[in-house]
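S.K.: Take a look at this one; I'll ask things after.
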Amino acid sequence: MPEITYDNVQPLVATAERDGNSMKCTFKCPITGEEFTASAGLQHGKAIGDRVATKAKQDALYTVRRSILGMVRSVMGNNIVGRAVQDATSEKVRDTQRDLKYSDKEKNDAIVRAFERVEAKFAWDDSRSAWVGKTD
């Protein structure tokens, strides 16, 4: 049995969604179609480069948000409709900024940890070089 890595788990991922500080995942057997759900907490990596890149993306989105809100305000005005559009735009960009709180690697690491929680339901198939659902 190989080491569990994101590359060999990824084909099983039916869904992987960030839920606060966790990744909620559904893993699906490619043969039986059986699904297993697990979650794992997101953890910040120790690599300074990942943190710097994430912070730069967040800062860029903040600048984009301010620019978009300025354009919306100049086009729509500061009336009720204009404020509603500004609020919706602002919330959408904030959601994107929250998603950038964790790097792709940090999310992938959480997916691997989630798979480890349901690993007993799967077996490594050497002929396919893939994880498959265990048969009883």
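Numbering follows the numbering used here, in which position 93 of the sequence shown is assigned residue number 93; successive positions increment by one, without gaps.
The beta-carbon is built from N, C-alpha and C at its ideal position, and this holds for glycine as well.
Here the structure is a predicted model, which means the values were calculated and not measured.
(1) The beta strand (DSSP E) spanning Lys24 covers which residue range?
(2) Alpha carbon to alpha carbon, what distance is there between Arg73 and Arg220?
(3) Report the residue from Arg94, Asp7, Lys105 and Met23 whose alpha carbon sits nearest the alpha carbon of Arg117.
(4) In whole angstroms, give me the CA-to-CA distance for Lys134 and Arg128.
(5) Tell me which residue opens and which closes the alpha helix (DSSP H) that Glu106 is part of.
(6) Using 8 Å as the limit for Cβ to Cβ distance, is Ile80 near chain C?
M.R.: The answer reads as follows:
(1) One-based indexing of the sequence shown puts residue 24 at position 24. Run containing Lys24: Ser22 to Lys28, per the beta strand (DSSP E) assignment.
(2) There is simply no residue 220 to check, as the chain begins at 1 and stops at 136 in what is shown.
(3) In the sequence shown, counting from the first residue as 1, residue 117 sits at position 117. When only C-alpha atoms are compared, the closest one is Met23.
(4) Residue 134 sits at position 134 when you count from the first residue of the sequence shown. Residue 128 sits at position 128 when you count from the first residue of the sequence shown. Taking the straight line from one Cα to the other gives about 14 Å.
(5) Position 106 of the sequence shown, counted from the start, is the residue given in the question as residue 106. Asp104 to Val118 is the extent of the alpha helix (DSSP H) around Glu106.
(6) Reference to chain C is not applicable here, since this structure consists of a single protein chain.
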